[in-house]
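Accompanying notes for the structure given below.
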Amino acid sequence: MEIKNPKILFVRLGAIGDVIRTLPALRALRHNLSDAYIAWVVEDRAASLLINHPDLNKVFVLPRKEWQKNPLSVKTLKEIIQLTKKLRKENFDLVLDFHGLFKSGLITFLTGVKCRVGYTRKFSKEGNFLFINEQVTLPDYKINRAERNLLLVKHLGLKIDEHNPLIPISEKDREVVASTIFSELTSFSGPKIIIHPGSSLSTPYKRWGVRRFAQVADSIIQKYGGKIFFTAGNDERERVNKITKQMAESHYVLCQPETLTQLAEALRRCDLFIGNDTAPMHLAAFVGTPVIALFGPTDPIENAPFGQEAIVIRKDVSCNPCRIRECQNLLCMDAITVNDVLEAVDRVLLRKGFNPNPS
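The numbering of the sequence shown is my numbering, which starts it at 1028 and goes up by one.
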């Protein structure tokens, strides 16, 4: 970029997994422009991952939950106007729209910034391209979503060699996780396994079977003396309860950190992550925890963990990949067997030096 010490705005509102996969682009931009002023507009559900992030100078948080409840209320309209004024007051030199939808395009346009970078019509939705005046064309072949985000940075004429993202885990996060979730494991020598069996309410088609997760958890405890940590959002807790009710073993803990950075610290402390294609899967990969990812309807070329060698388990069936969220016949997930997962577990744990219990 020709501007000295530019002021740059990122627009990636959600979802959490997509915000996580935009972090490599932030790291690459900061690596290239150490003195730049970088801000980010994000929805509240992913904000804890960005607030106090060392690569950011400012974070604008959209209260999505409140706005959805009362989208046309006077209060909501006033808050939107106030946000617009705050963004315009910053006098940004450049806006990067990583989201590619109508709402992100509108925010990008309302900043009043002349240089608005995003994707072409083919690679955006809902008329987003109408708000963008520097459109980036992506390859015709499929690429990982994180790599797609990096191409917006490359469009600026910058190098994207440095893309290992920073996850802003604070000392307080470490203390909270150590004193709560892991407080009773100071002398524990077995493997610590995090299992995330759920997915967002809007993507139930990504979930592997309850009974199969229970069998995997039991087998790991019995074979390796492992401790299982089940992670779950508030709307996923019932699914964990269904799994634990079917388990024969009791060496498990329900792990519900208060923030995404606390979740990142819990993931970092574990030896292995097992789960569906969800945000915690991407977070585990970025904190360096080995990942076993269970893919059914979604495409691993676009959605697999980025930047590390993960074990992706996926079976080709007649209809995947797809985006049929209401699908009731999950052939793709059912095709993944318990043995498929346990074989992958053995590969990871044996490599890490955990030996099976004597039979």
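We treat Cβ as the ideally placed atom computed from N, Cα and C, and that holds for glycine.
Quantities reported herein were computed from a predicted structural model and do not represent experimental measurements.
Inset, instruction - Could you tell me the distance, in whole angstroms, from the CA atom of N1118 to the CA atom of V1140? - result: Taking the sequence shown and counting its residues from 1, the one referred to as residue 1118 is at position 91. Taking the sequence shown and counting its residues from 1, the one referred to as residue 1140 is at position 113. Distance between the alpha carbons of N1118 and V1140: 7 Å.
Legend entry - L1258 (DSSP reduced to helix, strand or coil): On the sequence shown, position 231 is the one that residue 1258 refers to. For clarity, residue 1258 is Thr in the given sequence; the question names Leu instead. The answer is strand: DSSP assigns T1258 an E or B state.
Inset, instruction - On the DSSP bridge assignment, give the partners of C1282 in chain order. - result: Locating residue 1282 in the sequence shown gives position 255, where the first residue counts as 1. BP columns for C1282 point to T1258.
Inset, instruction - Please work out which residues of its chain come closer than 7 Å, Cβ to Cβ, to L1369, disregarding the five sequence neighbours upstream and downstream, and give them in chain order. - result: Here residue 1369 is taken as the residue at index 342 of the sequence shown, counted from 1. Counting only Cβ-Cβ distances below 7 Å, and skipping sequence neighbours, we find V1243 and S1246.
Legend entry - N1032 in three-state terms, based on DSSP: For the purposes of this step, residue 1032 is identified with residue 5 of the sequence shown, where counting begins at 1. Three-state result, N1032: coil.
Legend entry - Terminal residues of the beta strand (DSSP E) in which K1085 lies: The count along the sequence shown starts at 1 and reaches residue 1085 at position 58. K1085 -> beta strand (DSSP E) spans K1085 to L1089.
Inset, instruction - Under 6 Å Cβ to Cβ from E1070, same chain only, skipping five residues before and after it: list those, please. - result: The residue given as residue 1070 occupies position 43 in the sequence shown. Same-chain partners within the cutoff: L1040, G1041, L1089 and R1091.
Inset, instruction - Please indicate yes or no: does the CB of W1067 lie closer than 7 Å to some heavy atom of the ligand FAD? - result: The ligand FAD is absent from the structure shown, which contains no ligand whatsoever.
Inset, instruction - Kindly list the residues whose CB is nearer than 7 Å to the CB of L1179, restricted to its own chain and excluding five residues on each side of it in sequence; keep chain order. - result: Position 152 of the sequence shown holds residue 1179. Same-chain partners within the cutoff: A1052, L1123, F1125, V1144 and V1163.
Inset, instruction - Decide if T1258 is buried, meaning its Cβ has at least 16 other Cβ atoms within 10 Å, or exposed. - result: By 1-based counting over the sequence shown, the position of residue 1258 is 231. The residue in question, T1258, is buried, as its Cβ has 16 or more Cβ neighbours within 10 Å.
Inset, instruction - With a floor of 3 residues, list each beta strand (DSSP E) that falls wholly inside the region 1202 to 1260, ordered by position along the chain. - result: 1219 to 1223 and 1254 to 1258
Inset, instruction - Report yes or no: is there a C-beta of chain B within less than 8 Å of the C-beta of L1281? - result: As a matter of chain content, chain B is missing from the structure shown, which is built from one protein chain.
Inset, instruction - Note down the Cα distance separating F1381 from A1205, rounded to an integer number of angstroms. - result: Working through the sequence shown from its first residue, we reach residue 1381 at position 354. Working through the sequence shown from its first residue, we reach residue 1205 at position 178. Rounded to whole angstroms, F1381 to A1205 spans 22 Å at the Cα level.
Inset, instruction - Determine the burial state of C991: buried for a count of at least 16 other Cβ atoms within 10 Å of its Cβ, exposed for fewer. - result: Coverage of the chain is limited to positions 1028 through 1386, which leaves residue 991 absent and any answer about it impossible.
Legend entry - Contact belief for F1256 with V1280 at Cβ below 8 Å, rounded distance in angstroms: Taking the first residue of the sequence shown as 1, we reach residue 1256 at position 229. Taking the first residue of the sequence shown as 1, we reach residue 1280 at position 253. Right, their Cβ atoms sit about 5 Å apart.
Legend entry - Extent of the continuous beta strand (DSSP E) to which N1303 belongs: Here residue 1303 refers to the residue found at position 276 of the sequence shown. From DSSP, the beta strand (DSSP E) with N1303 extends over L1299 to N1303.
Inset, instruction - Counting only the same chain and skipping the five closest in sequence on each side, list residues whose C-beta sits under 8 Å from that of K1233. - result: Within the sequence shown, numbered from 1, the residue matching residue 1233 stands at position 206. If we look at K1233 and ignore the five residues flanking it on each side, its Cβ neighbours are S1226, N1303, D1304, T1305, G1323, P1324, T1325 and M1360.
Legend entry - Rounded separation between V1046 and T1316 - CA only: Within the sequence shown, the letter at position 19 stands for residue 1046. Within the sequence shown, the letter at position 289 stands for residue 1316. Rounded to whole angstroms, V1046 to T1316 spans 19 Å at the Cα level.
Inset, instruction - Mind checking which residues open and close the alpha helix (DSSP H) that includes R1295? - result: Residue numbering aside, residue 1295 sits at position 268 when the sequence shown is read from its first letter. Its alpha helix (DSSP H) spans residues L1287 to R1295.
Inset, instruction - Compute the Euclidean distance between the alpha carbons of T1286 and H1223, then round it to the nearest angstrom. - result: Position 259 of the sequence shown, counted from the start, is the residue given in the question as residue 1286. Position 196 of the sequence shown, counted from the start, is the residue given in the question as residue 1223. If I take the Cα positions, the gap works out to 16 Å.
Legend entry - Beta carbon of G1217 nearer than 8 Å to that of Y1168: Looking up residue 1217 in the sequence shown gives position 190. Looking up residue 1168 in the sequence shown gives position 141. Going by C-beta atoms, G1217 is not nearer than 8 Å to Y1168.
Inset, instruction - Evaluate L1076 with the Cβ neighbour count: other Cβ atoms within 10 Å of its Cβ, from every protein chain shown; 16 or more gives buried, anything less gives exposed. - result: Taking the first residue of the sequence shown as 1, we reach residue 1076 at position 49. It counts as buried.
Legend entry - Start and end residues, alpha helix (DSSP H) containing F1129: The count along the sequence shown starts at 1 and reaches residue 1129 at position 102. Unbroken alpha helix (DSSP H) run through F1129: F1129 to L1137.
Inset, instruction - Have a look at K1379, A1241, E1276 and F1037 and flag the residue whose alpha-carbon is nearest the alpha-carbon of F1136. - result: Sequence index remark: in the sequence shown, residue 1136 carries index 109 (1-based). Of K1379, A1241, E1276 and F1037, the residue nearest in Cα terms is F1037.
Legend entry - Spatial distance of L1157 from G1132 (CA atoms): Taking the sequence shown and counting its residues from 1, the one referred to as residue 1157 is at position 130. Taking the sequence shown and counting its residues from 1, the one referred to as residue 1132 is at position 105. When rounded, the distance between both Cα atoms is 8 Å.
Legend entry - Outcome for C1282 when other beta-carbon atoms lying within 10 angstroms are tallied against a minimum of 16: Your numbering for residue 1282 matches position 255 in the sequence shown. Looking at its Cβ environment, which holds 16 or more other Cβ atoms inside 10 Å, C1282 is buried.
Legend entry - Neighbourhood of V1086 by C-beta, 6 Å cutoff - its chain only, sequence neighbours within 5 removed: The residue you call residue 1086 lines up with position 59 of the sequence shown. Only W1067, L1077 and I1078 meet the Cβ criterion.
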